[in-house]
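Residue numbers for the sequence shown, in this note's numbering: 8 to 510.
C-beta atoms are modelled at their ideal positions from N, C-alpha and C, and glycine is treated no differently.
All values reported here derive from a predicted model rather than from experimental measurement.
The structure under discussion appears below in the form of structure tokens.
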Amino acid sequence: MPQSTFLSYPIDEHRYINVLTIAGSDPSGGAGLQADLKTFASLHCYGMSIITALTAQNTCGVDSIHSLPSTFVRQQLESVFNDIRIDAIKLGMLEREEIINEVAQFLEEKGADTLPPLVVDPVIYAKSGDQIIDNNAITILKEKIIPFATLLTPNRQEACRLLGRDSVGVDDLEEAAKELIKLGPKAVVIKGGDARDCLVFQGQKNPIWIGETKDWVDTPNVHGTGCTYAAAITSFLGRGDQLLTAVQKAKIYITEAIRAGATYEQGRGAGPVCHHWLSIDRNFIQIAWLSISEIYNRIKQLLFLSEIADGTLQWKKFSFFIQQDHLFLLDRKVVCDLLLSRIINTNDELKLLLKEIADSSELGAENIFRKYNVTDKSAELHDKSMACMAYTNYLKNLAKNNNPILFTLVGLVPCALIYQKVGEYLKRKQQTESLPPTNQYYQVWIDTYSSEQRRQSIEKLLAMVNRLYSSTWSSNQHAELMKIFQKAAEYECEFWTEAYNSV
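Printed below as a string of structure tokens:
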């Protein structure tokens, strides 16, 4: 997964991704809740923090720990949970058993089924080697906190301590992870340091290895790597990624943060990673997505979509929509073929992407009637609908003219992205509003456009657009690209509106 891919999928305007860390502080800023909050912000999440302990530490080590009263930790928890929706939680240093008991009781009262994803980073040692929680706390952590975890993220030293072993070597990671899974978390990833990370899921026999040893960065600046890695996983879970995807993306984030941090000098000991390395990139997709928030909100309110979700949409309207979508897919393949004919350099990645879109468009058009049990009337449709014709003519004109290829790619994005966003929105709507079961073919449509597999496929297109945008950026080009994105989004809205009004 290229690093430009993992933050391509945009978040919605006016809806923060709320991510909470429950952890101790680091006044030097490299670890603890300070590192968590920097990571959350870097990954476009709204960070919140509950402080469990104050430390006096720097890059050289931990000098002192001042643990807060457990009742005050409880008050912080209640204040946040009673007011703000939380999309994911990261749990870091819990220094005393009283605090662990308080947090465990609070989580139990909330109920495991209602909690958002919970990443437990069992902070036992500082990077300097100092043990920073007491021995009794470790026992209570294993018994009362880890069973709640969506993911447990120890390093080798912490895995060793949790298992009561003398050591956990590189060759022991799989066995150690399988032992830790017995403590009750849904998954365990043991951070391998200069080796790959070992991810094990509850109920699955084979481990998944994360990262490559060739990507390891040899630098002393690794203060806060564990906190940052776990915080990144939490952020991606909050953004809606599945657990495996979240871990893979977080591994890229922490690897690049270490690589960027290796070039800095900070402190006399183990310096921090560079949490803000992403800020040098221009994320066109995020900017463009926020620019169409009004259009997207209109789309979400369309009766066509709400009636698909609750099963009340007239079949004739859905059938008309599928007929037009079939014609759109055929023309999208034409657009991709036009772009492929224009590529004269050796941009193999762009060629491969366009070939994938062309092939998926052709296959989608071929299978769409069977998939949704709609009678193929394409031979009877001598003319496209007005909305479909305007949309496809616009895209074909972009591809035919001497515009940069990026212009047409940007024109293709709203269809792919808005369908996915709508699918995810309708899926959430079904789950949160307890809607009655919908028509089975409407459900197939919703499931198709809310799938993780499709989302990952879209992210490749989004990443390519961001990459081409960053390499050719100019203010004039930016303005034109924004117009294209917004125009295509309007065509999407018209496409659904026309289908609903077709009968």
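query	result
Backbone secondary structure at TRP296 - three-state DSSP	helix
Whether LEU187 touches LEU169 by CB criterion (8 Å)	yes
Residues that DSSP places opposite CYS205 in a beta bridge	ILE197 and TRP216
Range covered by the alpha helix (DSSP H) that runs through GLN112	104-117
Check whether LYS494 and TYR432 have beta carbons under 8 Å apart	no
Exposure of MET471, with buried meaning 16 or more beta-carbon neighbours within 10 Å	buried
With 16 other Cβ atoms within 10 Å as the buried cut-off, status of ASN473	buried
Spatial neighbours of GLY37 in its chain, beta-carbon cut-off 6 Å, leaving aside the 5 residues before and after	HIS230, GLY231 and PRO279
Stretch-stretch touch, CB-based, cutoff 8 Å, three pairs: the region 62-70 with the region 263-275	yes
Stretch pair the region 288-307 + the region 325-333: three plus CB contacts closer than 8 Å	no
The region 363-383 touching the region 307-319, judged by at least three CB pairs closer than 8 Å	no
Stretch pair the region 124-139 + the region 81-98: three plus CB contacts closer than 8 Å	yes
Any chain D beta carbon closer than 8 Å to LEU50	Here there is only one protein chain, and chain D is not present.
Chain-order list of residues whose beta-carbon lies under 8 Å from that of ILE107 (same chain, five-residue window excluded)	LEU101, ALA144, ILE147, LEU148, LYS151 and ILE152
Residues near VAL417 by beta carbon distance below 7 Å, same chain, minus five either side	VAL472, LEU488, ILE491 and PHE492
Residues sharing a beta bridge with HIS514, DSSP	The displayed coordinates of the chain run from 8 to 510. Any statement about residue 514 would go beyond what the structure contains.
Opening and closing residue of the beta strand (DSSP E) in which ALA95 lies	95-98
Three or more C-beta pairs below 8 Å linking the region 73-82 and the region 38-49	no
Cβ contact (3+ pairs, closer than 8 Å) linking the region 256-272 and the region 169-181	no
Alpha-carbon spacing of GLN211 relative to LEU75, whole angstroms	39 Å
Burial state of ASP70 (16 or more Cβ within 10 Å)	exposed
Cβ-based burial, ILE131 [other Cβ within 10 Å; buried from 16]	buried
Environment of PRO227 [buried if 16+ CB atoms lie within 10 Å]	exposed
Span of the beta strand (DSSP E), counted from its first residue to its last, around LEU125	125-127
GLY118 to ILE425 span [Cα, whole Å]	34 Å
Those runs of the alpha helix (DSSP H) which lie wholly inside the region 397-457 and span at least 4 residues	412-439 and 447-455
ASN380 (DSSP reduced to helix, strand or coil)	coil
Reduced DSSP secondary structure (H/G/I, E/B, other) of ASN508	coil
Touching by the beta-carbon criterion (3+ pairs, under 8 Å), the region 155-164 and the region 193-204	yes
Through-space distance from TYR236 to THR62, alpha-carbon basis	20 Å
Distance, PHE155 Cα to GLY191 Cα	7 Å
Per-residue DSSP class, three states only, for ALA496	helix
Rounded C-alpha distance that separates ASP366 from GLU501	26 Å
DSSP three-state assignment for THR226, whether helix, strand or coil	coil
Range covered by the alpha helix (DSSP H) that runs through THR62	Careful: THR62 lies outside any alpha helix (DSSP H), inside the beta strand (DSSP E) at 53-65.
CA nearest to the CA of VAL342, picked from LYS403, TYR456 and VAL87	LYS403
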